[in-house]
Amino acid sequence: MPTEVLMPALSPTMEQGTLAKWLVKEGDTVSSGDLLAEIETDKATMEFEAVDEGVIGKILVEEGTEGVAVNTPIAVLLEEGESADDIKEGGSAPKAEAPAKEEAKAEAPAASAPAASAAPAAPSKDGERIFASPLARRIAADKGIDLASIKGSGPKGRIVKSDVENAKPGAAPAKEEAKAPAAAAAAAPAGPSADAIAKMYEGREYEEVKLDGMRKTIAARLTEAKQTIPHFYLRRDIQLDALLKFRSQLNKQLEGRGVKLSVNDFIIKACALALQAVPDCNAVWAGDRVLKLKPSDVAVAVAIEGGLFTPVLKDADTKSLSALSAEMKDLATRARDRKLAPHEYQGGTFAISNLGMFGIDNFDAVINPPHGAILAVGSGVKKPVVGADGELTVATVMSVTLSVDHRVIDGALGAEFLKALVENLENPMVMLA
Numbered sequence: 022m023p024t025e026v027l028m029p030a031l032s033p034t035m036e037q038g039t040l041a042k043w044l045v046k047e048g049d050t051v052s053s054g055d056l057l058a059e060i061e062t063d064k065a066t067m068e069f070e071a072v073d074e075g076v077i078g079k080i081l082v083e084e085g086t087e088g089v090a091v092n093t094p095i096a097v098l099l100e101e102g103e104s105a106d107d108i109k110e111g112g113s114a115p116k117a118e119a120p121a122k123e124e125a126k127a128e129a130p131a132a133s134a135p136a137a138s139a140a141p142a143a144p145s146k147d148g149e150r151i152f153a154s155p156l157a158r159r160i161a162a163d164k165g166i167d168l169a170s171i172k173g174s175g176p177k178g179r180i181v182k183s184d185v186e187n188a189k190p191g192a193a194p195a196k197e198e199a200k201a202p203a204a205a206a207a208a209a210p211a212g213p214s215a216d217a218i219a220k221m222y223e224g225r226e227y228e229e230v231k232l233d234g235m236r237k238t239i240a241a242r243l244t245e246a247k248q249t250i251p252h253f254y255l256r257r258d259i260q261l262d263a264l265l266k267f268r269s270q271l272n273k274q275l276e277g278r279g280v281k282l283s284v285n286d287f288i289i290k291a292c293a294l295a296l297q298a299v300p301d302c303n304a305v306w307a308g309d310r311v312l313k314l315k316p317s318d319v320a321v322a323v324a325i326e327g328g329l330f331t332p333v334l335k336d337a338d339t340k341s342l343s344a345l346s347a348e349m350k351d352l353a354t355r356a357r358d359r360k361l362a363p364h365e366y367q368g369g370t371f372a373i374s375n376l377g378m379f380g381i382d383n384f385d386a387v388i389n390p391p392h393g394a395i396l397a398v399g400s401g402v403k404k405p406v407v408g409a410d411g412e413l414t415v416a417t418v419m420s421v422t423l424s425v426d427h428r429v430i431d432g433a434l435g436a437e438f439l440k441a442l443v444e445n446l447e448n449p450m451v452m453l454a
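Take 22 as the starting number for the sequence shown in my numbering and just add one per residue.
Written as structure tokens, this is what we have:
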């Protein structure tokens with residue numbers, strides 16, 4: 022029967038998006054993996070691929086439409102032998118009106134069709150029909166795979182070709198993730214309504230700024246972080262004179278290659294190595310357990326117009342300073358153009374937020390869940406310090422604050438991480454060993 026193509030969730034935080042552009046038109050034949058449309062999410066503009074094969078029977082949502090909720094039907098896909106006449110009035114695919122008839126139809130033998138090309142009957146589990154595309158049923162029959170053991174990734178849980186190709190014979194059904202109780206969300210305190218706040222400013226001149234998808238997501242995520250994560254904070258001062266001198270020498274030697282290292286590049290590398298030195302800090306909170314990662318995947322906050330991104334530098338502990346610098350520049354540029362793919366800003370265990378370049382001496386950053394910690398970096402400022410021999414001298418001092426999720430990292434462990442970080446930054450040559 023005709024299949025509804027639903028508005029996809031192209032990022033974990035996406036609730037709605039803009040259908041920016043259709044890349045197909047009604048009557049076009051598409052296969053799994055073909056590009057259907059460009060979708061603007063809360064983070065970026067992304068291409069949406071078909072997960073099944075068929076003919077575009079009807080486009081339900083015009084390009085340029087904003088605020089299309091996830092799982093809203095945006096088009097109808099026709100299978101082989103179907104026509105536009107099979108589409109229910111109003112645009113949606115017809116619902117099965119009589120389950121008994123559907124089962125009987127599915128179980129009727131196709132005696133006249135060749136056995137090699139016929140799609141097996143639609144299977145059922147516990148009396149309920151399992152929806153799968155004809156191609157998926159044929160591949161499952163050839164491989165001897167029980168469709169009841171597969172969780173579909175297509176519209177409304179429909180099993181498609183890629184699901185069967187990735188499944189193993191006899192594979193157990195995927196467990197559904199436990200949903201957070203609705204009561205927990207309801208228990209969260211609510212502030213005054215928008216109307217109540219607007220009434221406070223009656224008679225005063227103001228401009229109302231509409232929230233875009235990114236701003237709504239930032240608001241929701243940071244509210245979640247401060248309500249659910251038990252933050253605590255650890256502060257250290259770091260003397261940068263040795264690092265600044267070493268950086269200047271390296272940049273002179275790298276000038277011919279067009280490489281210019283920033284202090285932030287050294288901070289990324291130092292954090293990555295500190296996570297390896299204190300592996301219990303290289304962890305995330307996962308609801309009922311802690312996940313400890315082996316590689317150092319470090320996220321770095323990048324300010325863009327109207328919000329921010331946190332692209333992730335994966336395996337940062339194994340990369341050279343010049344490689345980290347080039348990768349960070351590329352990620353930051355594409356973040357500002359909103360051209361990052363989800364895998365480039367998802368994941369990581371640890372984040373860095375550097376406001377030193379804006380003249381901020383120190384601040385406390387909010388943890389980006391599920392990360393275990395985030396490092397807030399202030400500016401390097403010349404200050405009087407007491408030297409090793411007790412003499413008073415002047416040094417360039419940078420203040421950092423580690424915001425820590427107490428469920429993942431305890432105080433002494435966080436202090437150990439900061440100690441390793443300070444050693445790396447105050448003795449920068451050890452990061453090249």
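All residues carry an ideal CB built from backbone N, CA and C; glycine is no exception.
According to DSSP, is residue i helix, strand or coil?
i    : result
A129 : Low local confidence applies: a pLDDT of 40 at A129 is under 50, so the model's placement there is unreliable, and no value is given.
Q248 : helix
D163 : helix
A215 : helix
E186 : helix
A203 : Bear in mind that a pLDDT of 46 at A203, under 50, signals an unreliable position, so the number given afterwards is only what the model happens to contain. The answer is helix: DSSP assigns A203 an H, G or I state.
V451 : helix
S154 : coil
T238 : helix
E226 : coil
S269 : helix
L376 : coil
F438 : helix
L232 : coil
E36  : coil
K360 : coil
P135 : Any reading at P135 needs caution, since the residue's pLDDT is 39, under 50, leaving its predicted position unreliable; the model's value is listed next. Note: P135 maps to coil in three-state DSSP.
A433 : helix
A263 : helix
Checking 8 Å against the spacing of the C-beta atoms, do residue i and residue j come in under that value?
i    : j    : result
S374 : A337 : no
S420 : R278 : no
I395 : N389 : yes
D184 : I171 : yes
T50  : R359 : no
I60  : L27  : no
A58  : L81  : no
E306 : V387 : The question names Glu, yet the displayed sequence has Trp at residue 306. Cβ atoms of W306 and V387: not closer than 8 Å.
G399 : L423 : no
L434 : V311 : no
K182 : I160 : yes
G75  : E100 : yes
S174 : V72  : yes
F253 : P449 : no
I239 : D426 : no
Where does the unbroken beta strand (DSSP E) through residue i begin, and where does it stop?
i    : result
R257 : 252-260
P29  : Segment: none, P29 is in no beta strand (DSSP E) and carries neither H nor E.
M67  : 66-70
L98  : 94-99
P300 : First-last for P300: undefined, no H or E at that position.
E47  : No beta strand (DSSP E) holds E47; DSSP gives it neither H nor E.
E365 : Unbroken run through E365 is the alpha helix (DSSP H), 363-366; no beta strand (DSSP E).
G88  : 86-90
V398 : 394-407
I77  : 75-80
S170 : Note, S170: premise wrong, no beta strand (DSSP E); not H, not E.
E61  : 56-61
With respect to the alpha helix (DSSP H) encompassing residue i, which residues constitute its N-terminal and C-terminal limits?
i    : result
D426 : Here D426 belongs to no alpha helix (DSSP H); instead the beta strand (DSSP E) covers 413-426.
Just checking, does the stretch 294-308 make contact with the stretch 258-271 on the three C-beta pairs under 8 Å criterion?
-> Segments in contact, no.
What are the start and end residues of each continuous alpha helix (DSSP H) run of 4 or more residues lying completely inside the stretch 282-357, in chain order?
-> If you keep only unbroken alpha helix (DSSP H) runs of at least 4 residues inside the stretch 282-357, you get 284-298, 342-357.
Stretch pair the stretch 90-101 + the stretch 35-50: three plus CB contacts closer than 8 Å = Yes, the stretch 90-101 touches the stretch 35-50.
Could you tell me whether the stretch 350-367 touches the stretch 327-336, where touching means 3 or more Cβ pairs closer than 8 Å?
-> In short, these stretches touch, since the Cβ pair count reaches three.
Given 8 Å as the limit, is there contact between the stretch 364-379 and the stretch 304-320, that is, 3 or more CB pairs closer than that?
-> Inter-segment contact for the stretch 364-379 and the stretch 304-320 is present: three or more beta-carbon pairs are separated by less than 8 Å.
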